[in-house]
Every structure is written in C-alpha cells, then in structure tokens.
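Protein chains in written order, with the working numbering: chain A, 70 to 286; chain B, 271 to 452.
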Amino acid sequence: MARVSAKKPSTGSAFVGEAAEHRKLLSELGDSQVVQRSLDGDSRAFGELVARYDQRLLNFVYRTIGDRERAQDLVQETFVRVYRHLQRFDQSKKFSTWIYTIASNLAKNELRNRSRNPLVLFQTIKKNWDADHRPLEWEDTAYKPDDLFRKRHLREKVEEAVTHLPEHHRIVFVLRELEGKTYEEIAEITGCNLGTVKSRLNRARNNFATIIAPMID
Amino acid sequence: MTCTEFVAGFSDYYDGTATEEVVAAAEEHLQECESCRRYRHVVASGAHVLRGLPGVELREDFHPRLRHNLFHVDDEILLRRHTSSGTTVLVVAGMATFLSALAWSPTLRPSAPVVELAPIVVSRPVAVRAAGLGFESYLGVATYAQRGLWEDAHRLFLEYSALSRRYSQRPTLVSTGLEEDH
C-alpha cells in the first residue's frame with residue numbers, strides 16, 4: 070500500500086503490543102488528526118477511520134435504500150472514494166460531514182438507478198416479503214405472545230414508514246433521527262439550504278406520524 | 271398559537287432550535303391541545319422505536335474486500351505516478367521520435383540515381399493465317415488453330431473418371447489435349 074508507515078516493523082509480541090498501542094493512540098485522536106496522519110503515511114490511520122464509520126454508514130445507507138446487500142457495496146465504495154480523494158478533503162470542515170455526503174450521493178444514485186430498473190425493485194420487494202414470513206423471536210419470556218406480535222408489528226410499521234417516505238425526505242429524516250446530525254450538517258450533506266432541510270424534515274415527520282399513529286398508544 | 275402553526279414549526283420546537291418565545295408559545299398550546307400532544311408523542315415514540323431497531327451487521331468479508339479494493343487504488347495511484355513522471359515522458363517521447371525517424375527514413379534518403387536505358391525495339395510477330403478458321407493469329411496460338419481445335423477433343427473424355435480412381439491413374443490423365451505435340 071502507498072500509505073505505509075515509515076517505522077520499521079518489529080517482530081513477535083513486541084510488534085503486537087506496539088500495534089495495539091498505536092491503535093489506542095489513534096482512537097484518542099479527532100477525525101481531522103487521524104486524516105492528517107493517514108495523509109502523512111500512517112497506514113493504520115485509515116483503518117481507524119474505517120472502524121469509526123463502517124457501521125454508522127452501513128445503517129445510514131441501509132435505512133436510505135432499504136437493501137442490506139447493496140448497502141454493504143455502497144459503503145465499500147464510499148471508503149474507496151474517501152481513500153482515493155483524501156488529499157482533496159478540506160480539513161477546515163468536518164470529516165463526518167464529508168464522508169456522509171459521499172455515502173448520501175451514492176445512495177441517491179442507487180435509488181435513481183433502481184427506479185429505472187424494475188428487476189432490482191422486484192428483488193427488494195421479494196426480500197422484504199421473505200422477512201415478513203420469519204418466525205417470531207422469543208426475546209423475553211416475560212412478554213406475552215400478543216405483546217411480542219404487537220412490538221414486532223410496530224417495528225415493521227416504523228421501518229415501513231421510513232421506506233414509504235419520498236427519497237429526499239427520507240435522507241433528511243434518517244440523518245436527523247438516526248444519525249443525530251444538526252440542520253447545518255444535513256444541509257451540507259444534502260446540498261440544500263437550511264430552509265429546505267427544515268421543511269423536508271417537518272414533512273417527513275408528519276408523514277411518519279400519520280403512518281405509525283394507529284400503532285402507538 | 272394554532273394547531274397548524276404548531277405542526278408547521280414542530281421540528282424547530284422538537285429539535286430545540288426554536289427561539290424562547292416560540293418554545294413558550296408551543297408549550298402553552300400543548301397544555302390546551304390534546305391532538306398536538308398526541309402528535310408530539312407519536313413522533314417521539316416512533317423515533318424511539320426507529321433508533322431501537324437492530325442495525326445491519328457488516329458482512330464477514332467486508333474488511334478483507336475493502337483491503338483488496340484499497341490495494342487496487344494504491345496500485346492505480348503508483349501506476350499513474352510512474353506514467354506521469356518526467357523521465358517516463360522523456361523516454362516515451364524519445365522512443366516515439368526514433369521510431370518515426372526509422373519509419374520515414376526511406377523518404378528522407380536522397381533519391382536513387384536515374385539510369386537511362388536504351389529503348390527496346392520489339393518486332394511485330396509473324397502473322398499466320400489459321401487454317402480452316404479464317405482468321406489471322408500469332409505464332410504459338412496458331413498451332414492449335416492450324417491443327418484444328420477439336421481434333422484431340424476425344425482425349426478430354428479421359429478426364430472423367432471416378433474420384434476414387436483419379437489419384438491412382440497414370441499421368442496420362444494429365445494430358446488434356448491442350449499441350450503441344452512433342
């Protein structure tokens with residue numbers, strides 16, 4: 070790999086200990102410092118960025134496009150793009166906003182392509198159909214079956230409500246409700262102005278509430 | 271504050287970005303309005319359930335695949351650096367110049383000397399009247415005409431033989447009647 074540490078690798082347990090110590094050191098740094106280290110040739114720094122964002126990005130992309138397998142591919146692609154263009158990243162800005170912008174653009178492209186390809190749409194529907202027919206999971210014996218059913222039904226309805234939101238509302242809604250992004254960050258990620266973000270979020274919440282209201286006591 | 275105003279400014283109120291006056295007005299409205307209280311409860315509960323949904327697990331091969339992909343990116347970057355370096359450009363340009371010079375060298379050489387040869391005078395062939403055919407022909411062709419074109423026609427029939435036998439037959443078959451007599 071091009072970004073190789075300048076340090077000579079040690080051997081045996083000393084090397085393992087050194088690696089662990091290095092990882093610990095990286096985990097204590099802020100995103101921009103880790104980015105700088107990666108640019109300086111520290112090969113473990115990019116791994117730290119991946120560790121910080123892989124799961125978060127996966128959930129974000131999955132909630133946006135609704136397809137687990139494809140979400141994995143898109144997150145891969147996000148990291149590849151970040152790696153390729155890391156030197157272009159403006160370090161006066163937040164790294165998380167930048168990486169979410171890349172992931173969000175890929176997710177938007179995916180949704181656009183999918184709307185043109187009926188086969189992909191069918192596969193997604195089929196996948197959801199399979200999930201509907203899985204047996205009930207007995208997570209807690211204290212719950213009665215009807216409670217479990219109600220709980221699962223509510224979860225399904227909530228998931229469904231998110232997928233039913235229009236694409237541009239959904240991205241804003243997921244970024245706010247799941248990722249906890251501020252309005253300013255959402256505006257930057259989606260490339261919209263603050264007013265548009267607020268209005269989309271308000272509409273998304275309104276639609277969301279309309280769908281799930283019958284299931285909420 | 272009316273219900274419509276409350277719903278329209280709900281996100282600002284809910285996310286804590288509204289001004290103190292707006293928050294106070296919204297709180298006041300909520301105390302009076304059951305349906306807006308319900309609306310806030312539904313949004314909050316729904317968001318709570320959404321956050322509690324199980325996340326997607328990374329596939330086992332996610333990191334090995336990513337390492338593999340990044341390796342290719344590095345490879346590509348290194349290759350680009352090599353191809354865009356000044357030395358490589360000079361070497362390529364030099365080779366291109368050399369090859370084009372080599373290709374154009376025949377045209378670059380001084381042209382070959384012109385040698386003037388004495389003109390060749392060709393005498394008119396002897397015309398022979400073809401016997402029996404009533405036309406003039408030149409020597410050689412005339413021999414067939416003089417002999418009669420169809421005299422050896424019966425020998426042509428020898429050409430017809432079964433394919434299986436054709437290669438085992440004597441070279442007499444080569445004789446088609448068109449060769450000159452010896």
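Even glycine gets a Cβ: it sits at the ideal position worked out from N, Cα and C. These numbers were taken from a predicted model, which means no experiment stands behind them.
Burial state of Gly260 of chain A (16 or more Cβ within 10 Å): Here residue 260 of chain A is taken as the residue at index 191 of the first sequence, counted from 1. By the 10 Å Cβ count, Gly260 of chain A comes out exposed.
Would the stretch 223 to 236 of chain A count as touching the stretch 314 to 321 of chain B if we require 3 or more Cβ pairs under 8 Å? A contact exists between the stretch 223 to 236 of chain A and the stretch 314 to 321 of chain B.
Determine the burial state of Lys162 of chain A: buried for a count of at least 16 other Cβ atoms within 10 Å of its Cβ, exposed for fewer. Walking along the first sequence from the start, residue 162 of chain A turns up at place 93. It is exposed - the Cβ of Lys162 of chain A has fewer than 16 other Cβ atoms within 10 Å.
Identify whether Lys220 of chain A lies in helix, strand or coil by the three-state DSSP scheme. The count along the first sequence starts at 1 and reaches residue 220 of chain A at position 151. Reduced to three states, the DSSP call for Lys220 of chain A is helix.
First through last residue of the alpha helix (DSSP H) which encompasses Ser184 of chain A: The residue given as residue 184 of chain A occupies position 115 in the first sequence. For Ser184 of chain A, the uninterrupted alpha helix (DSSP H) segment begins and ends at 164 to 185.
Which residues in the same chain have their Cβ closer than 8 Å to the Cβ of Leu247 of chain A, if we skip the five residues on either side of it in sequence? The count along the first sequence starts at 1 and reaches residue 247 of chain A at position 178. Within the same chain, Cβ atoms closer than 8 Å to the Cβ of Leu247 of chain A are found at Asn128, Phe129, Arg132, the five residues on either side in sequence being excluded.
Determine the chain E residues that contact Phe280 of chain B at a beta-carbon separation under 9 Å, and present them in chain order. Judged by its chain identifiers, the structure shown contains no chain E, and its protein chains are A and B.
Leu118 of chain A: which of A:Glu179, A:Val103, A:Gly110, A:Glu225 sits nearest, CA to CA? Residue mapping note: residue 118 of chain A aligns to position 49 of the first sequence, counting from 1. Comparing C-alpha distances from Leu118 of chain A to each of A:Glu179, A:Val103, A:Gly110, A:Glu225 shows the shortest one belongs to A:Val103.
Taking CB distances under 9 Å as the criterion, tell me whether Phe276 of chain B reaches chain A. For this step, residue 276 of chain B is matched to residue 6 along the second sequence. Proximity of Phe276 of chain B to chain A, defined by a Cβ-Cβ separation below 9 Å, is not satisfied.
Neighbour flag for Thr367 of chain B against chain A, beta carbons, 9 Å: Counting from 1 along the second sequence, the entry for residue 367 of chain B is found at position 97. Cβ-Cβ to chain A under 9 Å: no for Thr367 of chain B.
8 Å contact criterion, which Phe164 of chain A and Asp100 of chain A should meet: CB distance rounded: Residue 164 of chain A sits at position 95 when you count from the first residue of the first sequence. Residue 100 of chain A sits at position 31 when you count from the first residue of the first sequence. The pair is a contact, with the Cβ atoms about 4 Å apart (cut-off 8 Å).
Where Pro376 of chain B sits in the DSSP three-state scheme: As a working mapping, residue 376 of chain B is identified with position 106 in the second sequence. Helix at Pro376 of chain B.
If you draw a straight line from the alpha carbon of Ala288 of chain B to that of Pro334 of chain B, how long is it in whole angstroms? Stepping through the second sequence from its first residue, residue 288 of chain B is reached at position 18. Stepping through the second sequence from its first residue, residue 334 of chain B is reached at position 64. Rounded to whole angstroms, the gap between the alpha carbons of Ala288 of chain B and Pro334 of chain B is 46 Å.
Identify which residue in B:Phe368, B:Leu300, B:Glu327, B:Ser375 has its Cα closest to the Cα of Thr274 of chain B. Translated into positions along the second sequence, residue 274 of chain B becomes position 4. That would be B:Leu300, whose Cα lies nearest to the Cα of Thr274 of chain B.
Let me know if Leu270 of chain A comes out buried or exposed under the rule of 16 or more other beta-carbons within 10 Å of its beta-carbon. The sequence position of residue 270 of chain A within the first sequence is 201, counting from 1. Buried, because 16 or more other Cβ atoms sit within 10 Å of the Cβ of Leu270 of chain A.
Going by beta-carbon coordinates alone, are Thr170 of chain A and Ile258 of chain A separated by less than 9 Å? What you label residue 170 of chain A is simply residue 101 of the first sequence in a count that begins at 1. What you label residue 258 of chain A is simply residue 189 of the first sequence in a count that begins at 1. One thing to note: Thr170 of chain A has its Cβ within 9 Å of the Cβ of Ile258 of chain A.
Should Gln145 of chain A be labelled buried (16 or more other beta-carbon atoms within 10 Å of its own) or exposed? For the purposes of this step, residue 145 of chain A is identified with residue 76 of the first sequence, where counting begins at 1. Taking all protein chains in view, the Cβ of Gln145 of chain A is crowded by 16 or more other Cβ atoms within 10 Å, so the residue is classified as buried.
Would you say Arg307 of chain B lies against chain A (beta-carbon separation less than 9 Å)? Taking the first residue of the second sequence as position 1, residue 307 of chain B is located at position 37. False, the Cβ-Cβ gap to chain A never drops below 9 Å.
When the cut-off is 9 Å and only beta carbons count, does Thr287 of chain B lie next to chain A? In the second sequence, counting from the first residue as 1, residue 287 of chain B sits at position 17. Interface with chain A (9 Å Cβ-Cβ cutoff): Thr287 of chain B is included.
Would you grab the beta carbon distance between Asn276 of chain A and Leu223 of chain A for me? Rounded to a whole angstrom, and I think it's under 8 Å. Within the first sequence, residue 276 of chain A is the residue found at index 207, counting from 1. Within the first sequence, residue 223 of chain A is the residue found at index 154, counting from 1. Contact doesn't hold; Cβ gap of about 17 Å is too wide.
Beta-carbon proximity list for Phe405 of chain B, same chain, < 6 Å, skipping 5 on both sides: Numbered from its first residue, the second sequence carries residue 405 of chain B at position 135. Bear in mind that the predicted position of Phe405 of chain B carries a pLDDT of just 49, short of 50, making it unreliable; the figure below should be weighed with that in mind. Closer than 6 Å at Cβ, skipping near neighbours: no residue.
DSSP-derived helix/strand/coil call for Asn262 of chain A: Translated into the one-based positions of the first sequence, residue 262 of chain A becomes position 193. Asn262 of chain A carries a coil assignment under DSSP once its states are collapsed to helix, strand and coil.
State yes or no: is the beta carbon of Asn262 of chain A nearer than 9 Å to at least one beta carbon in chain B? What you label residue 262 of chain A is simply residue 193 of the first sequence in a count that begins at 1. So, not an interface residue.
Please list the partners that Ala317 of chain B has in chain A, where partner means a Cβ-to-Cβ separation under 7 Å. Within the second sequence, residue 317 of chain B is the residue found at index 47, counting from 1. At a C-beta separation below 7 Å, Ala317 of chain B has these neighbours in chain A: Glu246.
7 Å Cβ cut-off: residues of chain A touching Gly325 of chain B: If you number the second sequence from 1, residue 325 of chain B lands on position 55. In chain order: Gln124, Asn128.
Under 9 Å, do Ala278 of chain A and Tyr309 of chain B count as touching if we go by C-beta distance? Position 209 of the first sequence, counted from the first residue, corresponds to residue 278 of chain A. Position 39 of the second sequence, counted from the first residue, corresponds to residue 309 of chain B. Yes, the Cβ-Cβ distance between Ala278 of chain A and Tyr309 of chain B is below 9 Å.
Cα-Cα, which of B:Met271, B:Val392, B:Asp282 is closest to Arg274 of chain A? For this step, residue 274 of chain A is matched to residue 205 along the first sequence. When only C-alpha atoms are compared, the closest one is B:Asp282.
Can you find the residues in the same chain that come closer than 8 Å, C-beta to C-beta, to Leu143 of chain A, ignoring five residues on each side of it along the sequence? The sequence position of residue 143 of chain A within the first sequence is 74, counting from 1. Excluding positions up to five away in sequence, the list reads Val130, Ile134, Ala172, Leu175, Ala176, Glu179.
Would you kindly work out how many angstroms separate the C-alpha atoms of Val266 of chain A and Ala363 of chain B, rounded to a whole number? Translated into the one-based positions of the first sequence, residue 266 of chain A becomes position 197. Translated into the one-based positions of the second sequence, residue 363 of chain B becomes position 93. Per the coordinates, the alpha-carbon of Val266 of chain A lies some 54 Å from the alpha-carbon of Ala363 of chain B.
Mind checking the stretch 321 to 352 of chain B against chain A and listing, in chain order, the residues whose C-beta falls within less than 7 Å of any C-beta there? For chain A, the residues of the stretch 321 to 352 of chain B that bring a beta carbon within less than 7 Å of one of its beta carbons are Arg321, Leu323, Gly325, Val326, Leu328, Arg329, Phe332, Arg335, Leu336, Asn339, Leu340, Phe341, Val343, Asp344, Ile347, Leu348, in chain order.
Check each residue of the stretch 213 to 238 of chain A: if its Cβ is closer than 8 Å to any Cβ of chain B, include it; give the result in chain order. Those residues of the stretch 213 to 238 of chain A that come within reach of chain B (Cβ to Cβ, closer than 8 Å) are Leu223, Arg224, Val227, Glu228, Ala230, Val231.
Would Leu328 of chain B pass as a contact of Gln124 of chain A if the rule is Cβ separation under 9 Å? Here the question's residue 328 of chain B lines up with position 58 in the second sequence. Here the question's residue 124 of chain A lines up with position 55 in the first sequence. A Cβ-Cβ contact shorter than 9 Å links Leu328 of chain B with Gln124 of chain A.
Taking CB distances under 9 Å as the criterion, tell me whether Asp201 of chain A reaches chain B. Here residue 201 of chain A corresponds to residue number 132 of the first sequence, with the count starting at 1. Any reading at Asp201 of chain A must be qualified, since the residue scores a pLDDT of 46, below 50, and its modelled position is unreliable; the value itself is stated next. Contacts with chain B at 9 Å (Cβ-Cβ) do not include Asp201 of chain A.
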